[in-house]
Structure formats: structure tokens, C-alpha cells
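**Student:** First to last, the protein sequences are chains A and B. Note that my numbering gives residue 25 to position 11 of the first sequence, counting from 1, and the numbers run on in steps of one. Note that my numbering gives residue 80 to position 70 of the second sequence, counting from 1, and the numbers run on in steps of one. We treat Cβ as the ideally placed atom computed from N, Cα and C, and that holds for glycine. Note that the structure is a prediction, hence the values are computed from the model and not measured.
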Amino acid sequence: MRIIAFFALVFAFSPSFAQTQMTPAQEQRYNQLGQEIRCVVCQSEPVATSSAKIAQDMRDVIKARIIAGDSDSQVRQYFADHYGEYVLLRPQINSATWALWLAPFLLLFLGGFVVSGYFRQKTPNISGDDEAALKALDEITLK
Amino acid sequence: MIIELGHFALFIALAAALLQAISGLYAGHTRNLTYSNMANGASDVAFIAVIFSFFVLVYAYLTSDFSVKNVAENSHTLKPLIYKIAGAWGNHEGSMLLWVVVAAGYGSSLAHFGKSLSFGLKARAMGIQGLIIAAVVGYVVFASNPFLRLDTPPLQGNDLNPLLQDPALAIHPPFLYLGYVGLSLVYSLAIAGLMEGKIDAAWARWLRPWVLASWVFLTIGILLGAYWAYYELGWGGWWFWDPVENASFMPWLLATALLHSAIVTEKRGALAAWTVLLSILAFSLSLLGTFLVRSGVITSVHAFALDPGRGIWILMILAFFTGGGLLLYGLKGAKMASDKGLFAPISRETALILNNLFLVVACFTILVGTLYPLVGEAIYGRAISVGAPYFNAVFTPLMSVILLVLPLATMLSWKRAVLVTSSKKLVWVALVAILGGLLVAFLAKNKPMSAVGIAIGIWVILAAIFEISNRIGLGKMPLVQSLKRLQGLRLMAIGMFLAHLGVGIFTISAVIETSFKTETTKGLASGESVVFGGYKIKLDAIEASEGPNYYGDKAILSVRRRNDAFAMSPERRYYPAAKMPTTEVARHTNAFGELYIALGEPSIVDGRAVWTLRLYENPMIGWLFGGCMIIALGGVLSLLDRGLRIGAPKAKVKP
């Protein structure tokens, strides 16, 4: 699929001469957003690194939106509205993606729970005498 | 004829692997020496048979035997020699054959080098390994056979995907598989240990060299892939969080965790059950990776030769070994109660548990992200993409925590430590790191996260240097004596130092590379020039270029910066047989970065040909890859440590 797109649209990569040039700050945002919007005909590539004709068009749209004064999230929303949320490589937080964004926290919480359980189970009962002895040992060895 | 011999050898391998499985497991059960020897012998037969098959396939590629379907689909008479050889594993069927070669190679190595293992453990591990080899050889023979003939052979082949015709990518799969598949032996040892009901320090010591070897190969394999992506794809990036990249990175993260937990099990006799679980999961994830890459369930830029029917086979193999392994773990793991090593909440053990916790969470987060598009489709009926921005957002903080704890872990003592005493030694290191971060924050406005990242990198590097100089008493005694102590250090200690140093170097370079690289795209006609990052780049001419199986255009650029003048010539190639273009970027490297230029397509503007140039300035890129090399080198040194070979307790053979 990608190969076909690559081949068929091999003449796609041409410089676009927009009337307005972007400021360096805008160009940085443009490069950043290009990494976040997915090329719709490619397998798994952002528009920034796709040679497909449509990717060039989408890059031009990003540029136009930035020059028109859109914020980053407005540009993202624009693409989500026109092409569907599929094009957002940074998925929006919504009813279908909350589990995705919550996953690292849940995993960490679960892992932390297991680890703390391990310690509760492992910690030996230290009697008063032992404690005194250990304290003395600390003073000798660790100071 | 010779093709049929290669084909037939696969059946011999299948039979031998089954014999290895049955006799190994039976020997483990009955403690019968004859059957154990039979398993060892069978493993050699299996290995020789698959090696033979493999060479036959390479031979078919070398002689461009297009009556073989696989060769016709993936080779071409004009292809350079090295890519004819590499073409043998640059496709699905061939790469699965390579998988089996490596798996059988590891099995046979265990038979020969695992002499110190206890009898039952070794026999059973040989048996499980035989089972794995048999399953995958069966898959190769019945579902993915590279030796199938064509009734009417074509005169010319379809050629290998030209993107893959590259030296780094020629050796990338063998390294990756030596890593991936090495984990199969780790799995076998874990299952054998569970069956024996004995997971202890000795077991961990037997396990560790295989983990280390797999990990080193995997590290180098991933590095080669990243380096290839960097210079061959022509976009200046080196890591794209593509599903296939993730598939190799997840086992790497678990193998890294395993490497550290096995140390705890070996040295302190603790975390035994956890180490077993990691061993099972690490191999499961490499199988899952194979499944993801080969089935086409997940779209990827790397996906070539997709076939959902094959996916079912691999899924069954995956389900059997993962499910079986976890089931056995569930039945026996909890009862082992071999965790003898007690330790206080503040100790090196705990620090390594934290390391493991975060590595495993990072790994499973990547797994969730990689598989989530399937979930979105199945549960919500929505097409959702999960790309690099997500992975960067979740992975970076998790890694940062690991890197913050790392130096502390190397300073804490085993069993019980006092945090204040241990961390006091690192106060100066921390101060320098914070100062470094503040300096970056001051110099580069609006980049607070980069400053934090660089501070963390400095923290890791300086702490590693501090740790090793502390160990050899640098500054506390005459230099000669320190050097003598350095000579006397265990290779393992030097390996740890290098690996952690490499991590620090990689971290700093990756942060600088990502946040300070600059790029621009510019169209130039002959004779025009562009100023970029202090360089003045002039397009002198466009020349036609030609190779054995391609033709293309080459830009002749003269580049000047201050007193420095040099030529660069990025190229665009077109491979007619594969009908694909490729970019060959031009790079000019200095100590702290490189100028990277890719040539795009021409267009006609006002009657002149205007060529698109993509220009990148990638700071620290050499250090980034170099850091990974140092990490791998650290692993190699640890592997050479004598302790891993002679220190293991000798097995008592009970016939």
C-alpha cells in the first residue's frame, strides 16, 4: 500500500511557495505538528516524513492554519474534523481513549501495589532486642 | 535437486527437534543419562540440519535460482553479492528459517557449554528448547516454506525492496534474532527450573550469561535498525515508535529488567519467582513481536510479506508457550518459597526492584499503545491512531525516574543501607548535574524539559565515573595503586560502569538531538545557494548516477562555513526491478553533530528545474549511537567475566 502510494505519487515532493512565510517560531510549530498528523494514505507515517502527494497537501494545510493564526490544538481539531480522529497520532482524550492515557498510571499503581505487598509479606518481625542490636550495628558499620 | 535436499533437511530438523523435546523432558523426569545424551545429540542434528537448509537457501539466492518462488519474489540477477546473501533473510520465509537456525544454535550451545548445569535442569531445558524449535520448524515447513518451487520459473526476479539493500540492514536481522531468539533459551531454563521446583542462586547464575548474550545482541540489533532508519529513510529521524520498532524494544526492556533481577537472585537469593516470571514474559513478548510483525494485524511501515493466515499459526505458538509458561508459573511459582534473601526497604535490592517496576511498566505501556488501535476498533468501533507523540509523552517520564534512581542503586549496599549515608557521597554529583541543567535552561530559553533531561544525563554519567573511581580508590591512594586496582576489577564491574556511562551519554545526546535539531526544506536550481545553520550550500550541478540495479540523480553541492569548505552529494535512486525510489543522504560529520542533506524531487519553475533539498542539522547524533555502542560493550565485558563461567556450582550427575 505504502509502496504504491510512494511510487504513484513520486513527484509529490515539491516545495510549496506560500505567499506568507512563517516566522522561526511558527516553523518550529509546523515541524512539530507535522509529526503529530498522520498521512492518510500511508501505513503508519506522520505527514512530516511522507513523500505522498496528500501528505504535502496536508502539510500545506498545517502551514496555512498556522499562518492564519490557529493555535496548535485548533490545528489538531481542524484535522480531526476533516479526516476523523484517525489522523491524530497524539490521540485526544475522550471516551474511547481514556484507558490508553490512563494505562501507564494504572500499571504503575498496580506495580506499586504488588511491590508494597511484597515488602509487607517479607519484612521480618523485629523484636526489641534485635532492634537495639541492629542500631548498635548501624553505628559501627555505617557511620 | 539441492533445493529439495534443503527442503528435506527441514523434515530431519523437525524430527530431531521432536526427539530432543521428548528425550529431554523424559530424561528430566526419570533422571536417565542415556535419554539426556540423546537430547543433546538430537539438538546437534537439528542444528546441522537447519544450518544446511539455510545454506541451501543462500545458495539458491547466490545462483539466482528463480524456480524457487522465494528467490523469484525477492532477488534479481543484477543485485550486488552481499544483498543476494542478505536477501535470503530479507523476506518472511527466509527470516523465519533464520529464526529456527538461531533457536537450534542456542539449543546446541546449551548442550555443549552447559556442562555445569544440574542434570535435571539441563535435560528439561533441552526438552523445552526442542519443543520451541519443533513448533517453529513445523511452522516453516507447513506454513512458510522458503523452498517451494514455481512451475514456470520467471527469467528475472522481483528484486529485494531497495530500502533493505543496505549494509546495516543486511546484518540487522541476524543480530536482532540472536537477541530475540536467545530469549527462547532463557524461557526454556525458566520453565525447566519451575519443573524442577528449584529456582535458586545457582539457577540464576546459569541463566545470566544467556540473558546477557541475548541482551547484547538485541541492543546491537536495535541500534543497527535505528542507525539504518536514520541514514536510509532520509528524514533525519532515528526512532519512530513504529509497531515493528516497538516489537523489538519491548523484549529489550524486559531483558534489561531481567538482567538486573537475575543479579539480585544470583547474589542475594531473592526475587527468584519474579526473575522466572520475567523470563517467561520476555520470550512471550518476542513471540508477540514476531506475530505483530508477520501477521499484518497492525499496520507498519516495516510490514512486508503480510499474510493473516500465517498469523494464526504464530498466534497458536504464542498462546501455547505463553499460556503454558504462565500456567506452570501459577501452579508452581508461588510454592517455591526459595526467596531466602531478606532485605530492608532501603537497600540495593529495593532500588533494583524500582528499576524493574519502571522498566516493566514502560514495556507494558508501550504494549498498550501498540495494541490500542485494535482495542479502539474492536470495542469502540473507532479508528484510533497511537503514534510517536503518545509514546514520547508516556515513556520519557517513566525512563526519567529509572535514571534518577540508577546512581543511587549503585551506591546503596545490599541487604540494608542508610539512604543518607549513601546519598551523601553523591551530593557533589547532584549539584553539578543541577548546575548543568540550570545552565542549559539559561542558554536555551523555553526548553525546561530539555534542561531536566540533560541534568539527568550528567547525573548518570558523573555518578558512574564517581562509582568506579571510588571503587579503585582514585585520589585516596597513589595513582599507581589505583590503576593496579582498576586492573584487578572484575570485568562485570567495568561492564556495569560502561553500560551506565553509555546510558548517560545516550540520554544527553538524545535530549540535545531532539530538542535542538534544526531542519528546513528549500528548492534550488543549478547555481543557486541557500544559507542554513551557518553553512552556505550551493547546488553546482545535478549528475546522472548509475549502479548495477539502479539509476538516479546526484546533486553536487559545495558547502562552506567560515574557513571550512567541502563537497556533499546526496542522491536519489530509482530501482526499476522493484519500481521504488530511495534517498541516499549526504552527511558531513564533526565532533558535535552533523549536517544531513537529502535530495527530493525536481519540479519545473519558470522553465528551470528546481530541486528540493531537505536540510537537517542533527547535533550529537554520533554520540547518541556511540552511547548505545558503549552500552552494548558493557554487556560484552560482563559476559566475559570469569565468574559467569567458573563460579557456577558443579552439577552432580545422578544417573
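Check whether the Cβ atoms of Phe507(B) and Ile478(B) sit closer than 8 Å, and answer yes or no.
**Tutor:** Closer than 8 Å, so yes.
**Student:** Quick check on the DSSP output: what are the complete alpha helix (DSSP H) runs of length 4 or more inside the stretch 469 to 503 of chain B, in order along the chain?
**Tutor:** Qualifying alpha helix (DSSP H) stretches, in chain order: 489 to 498.
**Student:** Under a CB-based cut-off of 8 Å, is Phe133(A) close to chain B?
**Tutor:** So, interface residue.
**Student:** Cβ of Arg583(B) less than 8 Å from any chain A Cβ?
**Tutor:** No, Arg583(B) does not count as interfacial toward chain A.
**Student:** Is the distance from the Cβ of Val146(B) to the Cβ of Ile327(B) below 8 Å?
**Tutor:** The answer is yes: Cβ separation under 8 Å.
**Student:** Tell me whether Asn80(B) sits in a helix, a strand or coil according to DSSP, three-state version.
**Tutor:** Of the three classes helix, strand and coil, the one that applies to Asn80(B) here is helix, per DSSP.
**Student:** Does Gln49(A) come within less than 8 Å of chain B when only Cβ atoms are used?
**Tutor:** Yes, Gln49(A) lies at the interface with chain B (some Cβ there is under 8 Å from its Cβ).
**Student:** Cutting at 6 Å between CB atoms, please list the residues of its own chain near Asn600(B), excluding the five before and the five after it.
**Tutor:** Within the same chain, Asn600(B) has no close Cβ partners at all.
**Student:** Are the C-beta of Thr111(A) and some C-beta of chain B separated by less than 8 Å?
**Tutor:** Yes, Thr111(A) lies at the interface with chain B (some Cβ there is under 8 Å from its Cβ).
**Student:** Which class does Val646(B) belong to by DSSP, given the choice of helix, strand or coil?
**Tutor:** Of the three classes helix, strand and coil, the one that applies to Val646(B) here is helix, per DSSP.
**Student:** When you compare each of Asn628(B), Ala465(B) and Phe452(B) to Ala440(B) by their alpha carbons, which one comes out closest?
**Tutor:** It is Ala465(B) whose Cα lies nearest to the Cα of Ala440(B).
**Student:** What residue from Pro591(B), Ser555(B) and Lys589(B) has the CA that sits closest to Ser579(B)'s CA?
**Tutor:** Answer by Cα proximity: Ser555(B).
**Student:** Just the chain B side, please: which residues come within less than 8 Å of Tyr97(A) by C-beta, in chain order?
**Tutor:** Chain B residues near Tyr97(A): none, gap ~10 Å exceeds 8 Å.
**Student:** Step through the CB atoms of chain B and report whether any lies within less than 8 Å of the CB of Thr63(A).
**Tutor:** Closer than 8 Å to some Cβ of chain B, the Cβ of Thr63(A) qualifies, so yes.
**Student:** By the DSSP assignment, the alpha helix (DSSP H) with Gly38(B) in it spans what residues?
**Tutor:** Taken as a continuous stretch (DSSP letters only), the alpha helix (DSSP H) holding Gly38(B) covers Ile12 to Thr40.
**Student:** Out of Thr37(A), Arg134(A), Met36(A) and Pro105(A), which one is the CA nearest neighbour of Gln49(A)?
**Tutor:** Answer by Cα proximity: Pro105(A).
**Student:** DSSP on Met630(B), reduced to helix/strand/coil?
**Tutor:** The answer is coil: DSSP assigns Met630(B) none of H, G, I, E or B.
**Student:** Would you call the stretch 362 to 375 of chain B and the stretch 226 to 242 of chain B in contact, with 3 or more CB pairs under 8 Å?
**Tutor:** With a cut-off of 8 Å, the stretch 226 to 242 of chain B and the stretch 362 to 375 of chain B do not count as touching, because too few Cβ pairs lie within range.
**Student:** What's the call for His122(B), buried or exposed, on a 16-neighbour Cβ count within 10 Å?
**Tutor:** His122(B) comes out exposed.
**Student:** Report the rounded CA-to-CA distance for Gly246(B) versus Met205(B), giving the unit in angstroms.
**Tutor:** Cα to Cα, Gly246(B) sits roughly 49 Å from Met205(B).
**Student:** Can a CB atom of chain A be found closer than 8 Å to the CB of Arg392(B)?
**Tutor:** Yes, its Cβ sits closer than 8 Å to a Cβ of chain A.
**Student:** Could you tell me whether the stretch 127 to 146 of chain B touches the stretch 218 to 227 of chain B, using the rule of 3 or more Cβ pairs below 8 Å?
**Tutor:** Touching, no.
**Student:** Measure the alpha-carbon distance for Leu243(B) versus Tyr606(B) and round it to whole angstroms.
**Tutor:** In a straight line, the C-alpha of Leu243(B) is about 12 Å away from that of Tyr606(B).
**Student:** If we define contact as Cβ-Cβ less than 8 Å, is Ser395(B) a contact residue for chain A?
**Tutor:** Output row for Ser395(B): interface = yes.
**Student:** Can you list, in chain order, the residues of its chain with a C-beta nearer than 8 Å to that of Trp424(B)? Leave out the 5 residues immediately preceding and following it.
**Tutor:** Here the set comprises Lys277, Arg278, Phe353, Ser357, Arg358 and Glu359.
**Student:** Mind checking if Arg79(A) is an interface residue toward chain B, Cβ cutoff 8 Å exclusive?
**Tutor:** No, Arg79(A) does not count as interfacial toward chain B.
**Student:** Taking only beta-carbon atoms, is Gly645(B) less than 8 Å away from chain A?
**Tutor:** No, Gly645(B) lies away from the interface with chain A (no Cβ there is under 8 Å from its Cβ).
**Student:** Out of Gly117(B), Thr266(B) and Val78(B), point me to the one whose CA is closest to Thr162(B)'s CA.
**Tutor:** Minimum Cα distance to Thr162(B) is reached at Val78(B).
**Student:** Out of Gly610(B), Pro591(B), Pro629(B) and Leu649(B), which one is the CA nearest neighbour of Gln175(B)?
**Tutor:** Residue Pro591(B) is the option with its Cα nearest to Gln175(B).
**Student:** What does the Cβ neighbour count give for His312(B), buried or exposed, with the cut at 16 atoms within 10 Å?
**Tutor:** In this prediction, His312(B) has a pLDDT of 49, which is less than 50 and means its spatial position is unreliable; nothing more can be read from the coordinates.
**Student:** Over the uninterrupted beta strand (DSSP E) stretch that includes Asn600(B), give me the two end residues.
**Tutor:** Ala596 to Asn600 is the extent of the beta strand (DSSP E) around Asn600(B).
**Student:** Which of helix, strand or coil does DSSP assign to Gly653(B)?
**Tutor:** If DSSP states are grouped into helix, strand and coil, Gly653(B) belongs with the helices.
**Student:** Nearest chain A C-beta to Ile363(B) closer than 8 Å, yes or no?
**Tutor:** Answer yes: the Cβ-Cβ gap between Ile363(B) and chain A drops below 8 Å somewhere.
**Student:** Thr375(B) touches chain A at which residues, Cβ-Cβ below 7 Å?
**Tutor:** Simply Ala117, Pro118 and Leu121.
**Student:** Under 8 Å, CB to CB, which of the residues in the stretch 318 to 345 of chain B have a partner in chain A?
**Tutor:** Against chain A - using a Cβ distance shorter than 8 Å - the stretch 318 to 345 of chain B contributes no residues.
**Student:** Using 8 Å as the cut-off, can you tell me whether the stretch 86 to 103 of chain B makes contact with the stretch 67 to 75 of chain B, which would need three or more C-beta pairs spanning the two stretches below that distance?
**Tutor:** Touching, yes.
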